[in-house]
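Residue numbers (the working numbering): 1 to 376. Just below is one structure, and these are the notes that go with it.
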C-alpha cells in the first residue's frame, strides 16, 4: 500500500480528502467514527471517472490482516470489484451503498468468513448476488434497503443460497421494486432471522408458505407490497412475531384465519389497506396492543367482539375511514356530544375517530382520546 495514499491523520480534514482524491485515481482515508478508534476503518475515495478498482488494491498484508471496515459508498462509476476483495480475511463490514453502476459482486465474497454486515442500499444496477454468499458464515445483516427513490431496481431474484447463511438475523429488501419473490426456502433461516423488511417490493404476488418456519422472527415489514392480496395461512405460525406492518397494501382484502398462533404480536399496522372492507378476525390476538386502521377507505365493519379478541388493546386508530358507519356495541356511550363511558373510553389510552363522516351521521360523535384517555 502506497503510504502517500493514506491519510495519517486520525481525523482527516475535507481538504486532505480532496487533495488525496485529486492526486491519484483513488485514495484511502482513515475514518473517524467512534468504532474506528479501535479498529482499522478505511474509506476509498474513487475518482468519478474510474470504473474499476486497482486489481492489487487489497493485496497489501497489513490490509489483509487488519482491515475491519471498508467504505466504498458513492463510487458512482464503479462497475465491478476485484477478486482480491475476498483476501481481506479480517473484514467485518463492507459498505457499498449508492454504487449505482455496480452490476454484481465477485464470487470471492464467499471467502469473507468474518464479514458481519453487508450494505448494498441503492445499488441501482446490481442484478446478481453470487451463490457463494452462503459461505459468509459470520454474516448477520444484509441490506438492500434504499435511502433514495432508486433502490436496487435491477435485482429481480435472490439466490436460494442466501437462505443458507447460518448467522443471518436481519434481511432488508426495502424498495427492491422489481424483486419477483422471496426464495421458496426462506424458512431455512428459521432459527436466526429476526427482522425481515420487504417494504415496497411491489412485484410480490404472494409469500412462500415456508415463511411460517421463521420461528424467531420479531418484525415483518410488508408496507406498500401492492401486489399482495392475501397472506399465506402459515404466517399464523410466527409465534414470536411482535410487529406486522402491512401499510398501504392496497390490494390486501383480508387476514388469514390462523392468526391465533401469533401469541406475541403487539402491533398490527393496516393503514391505507383500501381493499379491506371488514376486519375479519376469527381468533384471539392475546398480546395485541396497537391496531392502526387509518385511511382504510372502504372499511365498513369492525368485529362485534372487538373487546374480547383484542383483550390488551390500548391504541386504536380509525381516522379517515369514511365508510365506517358503526362501532361495536357499548364501545362508547354518549350523552349529547359528550362521551361519558363505554369500554373503549375506559380501556383505550388512544382512540382516533376523526374524519369518519359515517359515524357523525349516526349516534357516534367522532372523537379522539389522548394518551390519558381524555377527549380532544
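Here a beta-carbon is modelled for each residue, glycine too, at the ideal position from N, C-alpha and C. In this text the structure is predicted, and so the values were computed from the model without any measurement.
Hey, how far is the Cα of residue i from the Cα of residue j?
| i | j | result |
| --- | --- | --- |
| residue 105 | residue 129 | 6 Å |
| residue 242 | residue 288 | 9 Å |
| residue 133 | residue 190 | 18 Å |
| residue 57 | residue 120 | 20 Å |
| residue 82 | residue 59 | 11 Å |
| residue 324 | residue 274 | 13 Å |
| residue 308 | residue 65 | 60 Å |
| residue 339 | residue 311 | 21 Å |
| residue 169 | residue 152 | 21 Å |
| residue 23 | residue 177 | Any reading at residue 23 needs caution, since the residue's pLDDT is 39, under 50, leaving its predicted position unreliable; the model's value is listed next. Spanning the two alpha carbons is a distance of roughly 39 Å. |
| residue 110 | residue 71 | 18 Å |
As a quick exercise: from the options, pick the residue whose alpha carbon is nearest that of residue i.
| i | options | result |
| --- | --- | --- |
| residue 127 | 91, 180 and 90 | 180 |
| residue 84 | 118, 96, 318 and 108 | 108 |
| residue 138 | 166, 305 and 65 | 166 |
| residue 236 | 204, 215, 206 and 357 | 215 |
| residue 187 | 162, 297, 227 and 103 | 162 |
| residue 225 | 117, 201 and 254 | 201 |
Within the 9 Å Cβ cut-off, does residue i reach chain C?
| i | result |
| --- | --- |
| residue 211 | In the structure shown, chain C does not exist; there is a single protein chain. |
Excluding the five sequence neighbours on either side, which residues of its own chain have a C-beta within less than 6 Å of the C-beta of residue i, listed in chain order?
| i | result |
| --- | --- |
| residue 171 | 142 and 196 |
| residue 150 | 122 and 124 |
| residue 297 | 274 |
CB residue i to CB residue j, shorter than 9 Å?
| i | j | result |
| --- | --- | --- |
| residue 174 | residue 221 | yes |
| residue 217 | residue 194 | yes |
| residue 248 | residue 212 | no |
| residue 267 | residue 292 | yes |
| residue 385 | residue 299 | Nothing can be reported for residue 385, as the shown portion of the chain is limited to 1 through 376. |
| residue 261 | residue 238 | yes |
| residue 136 | residue 115 | yes |
| residue 277 | residue 302 | no |
Residues in the same chain with beta-carbon distance under 8 Å from residue i, minus the five sequence neighbours each way, listed in chain order, please.
| i | result |
| --- | --- |
| residue 342 | 330, 331, 332 and 333 |
| residue 184 | 160, 208 and 210 |
| residue 97 | 73, 74, 119, 120, 121, 122, 123 and 147 |
| residue 206 | 181, 228, 230 and 232 |
| residue 223 | 199, 200, 245, 246, 247, 248, 249 and 269 |
DSSP on residue i, reduced to helix/strand/coil?
| i | result |
| --- | --- |
| residue 107 | helix |
| residue 128 | strand |
| residue 245 | strand |
| residue 269 | strand |
| residue 56 | coil |
| residue 339 | strand |
| residue 305 | coil |
| residue 224 | coil |
| residue 380 | Residue 380 lies beyond the range of the chain shown here (1 to 376); nothing can be said about it. |
Any heavy atom of the ligand SAH inside 8 Å of the beta-carbon of residue i?
| i | result |
| --- | --- |
| residue 135 | What this structure holds is no ligand at all, so the ligand SAH is not there to describe. |
Who are the Cβ neighbours of residue i in its own chain at under 7 Å, not counting the five residues just before and after it?
| i | result |
| --- | --- |
| residue 265 | 241, 242, 244, 285, 287 and 288 |
| residue 281 | 255, 259, 303 and 309 |
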